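J.:
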Amino acid sequence: MTHNYWRFLVAAVLLAVATPVRSHPSESPRIVAGKDAELGQFPYQAMLRIQMEKGRALCGGSLISEEWVLTAGHCVEGASSFEIHLGAVEFKEPEGGDGRTVLNSTEFI
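Encoded structure:
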């Protein structure tokens, strides 16, 4: 009986040591195998900074006409206003000459 106990204990320790554990999850914001977009490459792509009752949220969308951006329904639930960035290639705050157009809206359907 003691012999089996030691076998089990040794096997458990070896298994625990051999199992890879990631202490820090990957923090890369990139999509797997993604490529950087060039400025102006996707002018119809929208980044929505949404003012919610308890803070802000980010959602994506697509410009589908001169006046409308299509986004997911859950992105507008509880929203009070939107900052719409068209053609942005990064999440950071806009800088002059970065190719994006920024609009503000409080309307959605």
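With mature numbering (1 follows the signal peptide of the UniProt record, and there is no 0) as the guide, the letters of the sequence shown map in order to residues -23 to -1, 1 to 86. Cβ atoms here follow ideal geometry from the backbone N, Cα and C, with glycine treated the same way. All of these numbers come straight from a predicted model, not from anything done at the bench.
Considering only the alpha carbon of each residue, which of I27, I41, A34 and M29 lies closest to F19?
T.: Here residue 19 refers to the residue found at position 42 when the sequence shown is read from its first residue. When each option's Cα is compared against that of F19, the closest is I41.
J.: Could you check how far apart the C-beta atoms of A23 and G37 are, in whole angstroms? I think they sit under 8 Å.
T.: For the purposes of this step, residue 23 is taken as the residue at position 46 of the sequence shown. For the purposes of this step, residue 37 is taken as the residue at position 60 of the sequence shown. The Cβ separation is near 7 Å, so the contact holds.
J.: Roughly how many whole angstroms lie between the Cα atoms of M29 and V46?
T.: For the purposes of this step, residue 29 is taken as residue 52 along the sequence shown, with counting starting at 1. For the purposes of this step, residue 46 is taken as residue 69 along the sequence shown, with counting starting at 1. Their backbone Cα atoms lie some 18 Å apart in a straight line.
J.: For E67, which residues from the same chain have a beta carbon less than 7 Å from its beta carbon, with the 5 sequence-adjacent residues on both sides left out?
T.: The sequence position of residue 67 within the sequence shown is 90, counting from 1. None.
J.: With a Cβ-Cβ cutoff of 7 Å, do R26 and E60 count as a contact?
T.: As a position in the sequence shown, residue 26 is number 49, starting the count at 1. As a position in the sequence shown, residue 60 is number 83, starting the count at 1. Yes, they are a contact pair.
J.: Hey, how far is the Cα of D13 from the Cα of R(-17)?
T.: Here residue 13 corresponds to residue number 36 of the sequence shown, with the count starting at 1. Here residue -17 corresponds to residue number 7 of the sequence shown, with the count starting at 1. The straight-line gap from Cα to Cα measures roughly 53 Å.
J.: Starting from E60, follow its DSSP beta bridges and name the residues at the other end.
T.: Residue 60 sits at position 83 when you count from the first residue of the sequence shown. DSSP lists R26 and N81 as partners of E60.
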